[in-house]
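All remarks here apply to the structure that follows.
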Amino acid sequence: MAKDTHTPASGLPPYFNIDPDAALADLDAPTSTEGFADIANACAQGRRDLASRGLNEEGRKSLRLFSTWEITRYLIPVAQAHFRRVLKANPDLPQGSSETEGGAKWFTLDEVLRLRAHFAAQGSKAKNYLPYRPEGLPAKLVAVANFKGGVGKTSTAAHLAMSAALDGYKVLVVDLDSQGSMTSIFGGRVEDEWQTAFPLLARHYGEHLRADNQRRLDRGEAPQPLDESLTAAMEMTAADVIQPTHWPNIDLIGAQLNLYWAEFQIPVWRMAARGWKLWDALTDRLEADGVLERYDLVFIDTPPALGYLTINGLAAADILLVPLGASFLEFDSTGRFFDMLHSTFASIEEGENIAARALGREGLAFEWDAVRAVITRYDGAQQGELSALMQAYLGRTLSPHKQDFTALIGQAGEQVSGIYEADYRDFNRETYARGRETFDETYAAFKRLLTGIWRRDELAEV
Ligand SMILES: Nc1ncnc2c1ncn2[C@@H]1O[C@H](COP(=O)(O)OP(=O)(O)OP(=O)(O)O)[C@@H](O)[C@H]1O
Ligand SMILES: [Mg+2]
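Residue numbers (the working numbering): 8 to 469.
Take a look at the structure:
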């Protein structure tokens with residue numbers, strides 16, 4: 008029998024006495040470029056397998072139902088008995104369905120939203136059944152960013168989008184990460200870059216070229232031709248790239264690998280037209296296409312890099328959230344991220360303002376309603392000291408709520424993404440309540456920020 012080098016009986020550490028011939032016997036052939044395709048293929052098959060579990064007949068994600076307990080506990084805070092009485096008295100309202108005769112009633116989110124509207128119209132005025140949004144003011148854009156990978160950007164953005172939707176806001180999610188994690192979470196289908204934010208950016212550049220060409224013609228110069236893809240983009244609006252999701256009040260602009268192409272294309276465009284304000288592209292197009300009226304909140308998930316797409320997302324944002332874990336390396340790296348944000352935006356402002364000053368025009372100054380670092384995956388038993396230090400140095404910039412590490416995240420497969428999509432009956436009640444509480448608190452801290460900002464805008468209007 009071959010000697011088992013993994014569990015030496017000698018009590019030596021596992022990395023001693025590895026037999027070269029035994030190691031060779033375990034080894035496979037070297038990997039070629041094609042090898043990557045094989046691995047990618049294996050992953051894609053595994054993913055399809057996971058994805059097919061629990062999809063509906065059309066092969067799309069579907070959102071679970073909500074029980075009377077959950078609705079009255081988390082969504083429409085009234086006593087269960089009162090809730091039942093109101094339903095009985097109003098047979099036109101959704102009545103829910105039950106799995107067994109006389110069993111608990113379950114409702115779709117659409118039905119919950121209709122019920123909430125009813126309670127808001129008829130119920131006690133002391134409770135805010137509907138979330139606050141001042142009339143006539145545009146949607147708020149929220150970017151979640153950090154150039155450090157794996158800090159919880161996508162999880163935070165997805166959970167905030169879902170809690171805002173449960174709270175009754177109309178939400179658009181924009182995935183600017185070509186990894187497409189957010190797109191997977193929301194069951195998006197994206198064939199190529201033409202179904203991502205890319206054509207919106209392209210159109211913004213195209214509009215700039217057109218205006219520029221008009222000036223050229225006026226000066227008697229030859230116009231710069233728009234290439235085929237720019238010409239195609241000129242016909243496209245946000246509505247062409249927005250897709251519905253399995254959440255009735257969350258829509259998506261998805262991403263996939265080809266979106267990465269924008270990182271190469273944008274600097275080429277900018278070289279060709281130095282006057283193009285690339286950082287305004289996303290905001291301008293969303294605004295021009297009426298998106299900021301149609302939604303209450305726009306959440307932008309960004310890749311773990313400070314590339315052109317991230318810059319666009321950051322410049323579009325009213326609120327910037329920067330997730331990070333309470334570990335030395337994440338704190339350190341996040342400090343550098345803020346340093347990079349400073350130099351990047353300062354250099355854009357400087358470049359613009361030299362020209363603006365020369366022309367006697369008002370300069371460019373970026374402004375965010377609020378910037379907050381958010382501690383994610385927090386382990387109170389291990390990270391108390393470091394988080395207290397972060398609090399001491401970051402002050403108000405650090406969001407007051409630390410999002411706990413919870414086993415409820417990241418375990419679920421393709422069908423269920425995170426705590427709001429999970430059925431509480433699948434978990435120990437206490438585990439569920441704790442996991443949900445930490446994300447509810449994350450949302451509460453965000454909503455407080457949002458409410459304050461909207462109120463500030465509202466008061467500035469009058
Ligand atoms: N509160 C939490 N508790 C437990 N696990 C978490 C929590 N938040 C995030 N995670 C897990 O941490 C990992 C990284 O999270 P996520 O993908 O959200 O990070 P990210 O910053 O978007 O990553 P990337 O930089 O690759 O885009 C995931 O496996 C996720 O499930
Ligand atoms: Mg991510």
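Don't be surprised by glycine CBs; every beta carbon is placed ideally from N, CA and C. These numbers come from a predicted model, not from an experiment.
Check	Outcome
With distances taken from CA atoms, which of 424, 37, 168 and 263 is nearest residue 302?	168
Say yes only if the C-beta of residue 161 is nearer than 7 Å to one or more non-hydrogen atoms of ligand 2, and no if none qualify.	yes
Buried or exposed: where does residue 347 fall if 16 or more other Cβ atoms within 10 Å of its Cβ makes it buried?	exposed
Check the C-beta distance from residue 216 over to residue 233 and give it rounded, since I have them as a contact under 8 Å.	6 Å
So, are the CB atoms of residue 240 and residue 209 less than 8 Å apart?	yes
Measure the C-alpha to C-alpha separation of residue 187 and residue 264 and round it to an integer number of angstroms.	7 Å
In chain order, which continuous runs of the alpha helix (DSSP H) of length 4 or greater are located wholly inside the stretch 47 to 125?	87 to 96
In angstroms, rounded to a whole number, what distance separates the CA positions of residue 446 and residue 222?	52 Å
For a test of the three-state rule: what should DSSP assign to residue 467, helix, strand or coil?	helix
Just how far apart, CA to CA, sit residue 26 and residue 48?	33 Å
Output the boundary residues of the alpha helix (DSSP H) element that contains residue 225.	205 to 225
Any contact between the stretch 224 to 233 and the stretch 169 to 180? By contact I mean 3 or more CB pairs, one from each, below 8 Å.	no
With respect to the alpha helix (DSSP H) encompassing residue 274, which residues constitute its N-terminal and C-terminal limits?	269 to 279
Could you tell me which of 200, 277, 396 and 193 sits nearest to residue 243, measuring between CA atoms?	200
Whose CA, out of 224, 313, 356 and 393, lies closest to the CA of residue 339?	393
Restricting to runs no shorter than 4 residues, where is the alpha helix (DSSP H) found entirely within the stretch 146 to 175?	160 to 173
Assuming residue 75 contacts residue 111 under a Cβ cut-off of 8 Å, what Cβ separation, rounded to an integer in Å, is found between them?	6 Å
Mind checking which residues open and close the alpha helix (DSSP H) that includes residue 383?	Element bounds for residue 383: not the alpha helix (DSSP H) but the beta strand (DSSP E), 377 to 383.
From which residue to which residue does the beta strand (DSSP E) around residue 182 run?	178 to 182
Shorter than 7 Å, the distance from the beta carbon of residue 59 to the closest heavy atom of ligand 2, or not?	no
Using CA coordinates, which residue listed in 184, 352 and 273 is at the minimum distance from residue 156?	184
Please look up how many angstroms separate the CB atoms of residue 404 and residue 379, rounded, as I've assumed it's under 8 Å.	6 Å
When you compare each of 81, 103 and 82 to residue 91 by their alpha carbons, which one comes out closest?	103
Rounded to whole angstroms, what is the Cα-Cα separation between residue 162 and residue 202?	23 Å
Report yes if the C-beta of residue 412 is less than 7 Å from at least one heavy atom of ligand 1; otherwise report no.	yes
Report the three-state DSSP secondary structure of residue 19 (helix, strand or coil).	coil
Can you pull the DSSP bridge partners for residue 326?	149 and 377
Straight-line CA distance for residue 116 to residue 193?	15 Å
Return yes when the C-beta of residue 389 is under 7 Å from any heavy atom of ligand 1, and no when it is not.	no
Mind checking whether residue 277 and residue 286 have CB atoms under 8 Å apart?	no
For residue 51 and residue 466, what's the separation of their Cα atoms in angstroms?	52 Å
My guess is that residue 237 and residue 180 are in contact by the Cβ rule of under 8 Å, so how many angstroms apart are they, rounded?	Contact doesn't hold; Cβ gap of about 26 Å is too wide.
If we ignore side chains and look at the alpha-carbon of each, how far apart do residue 121 and residue 77 end up?	16 Å
May I have a chain-ordered list of the alpha helix (DSSP H) segments no shorter than 4 residues that lie completely inside the stretch 294 to 370?	298 to 301, 315 to 323 and 335 to 366
Does the beta-carbon of residue 340, which I'm using as the reference point, lie nearer than 7 Å to any heavy atom of ligand 3?	Although ligand 3 was asked about, the structure shown includes only ligand 1 and ligand 2 as ligands.
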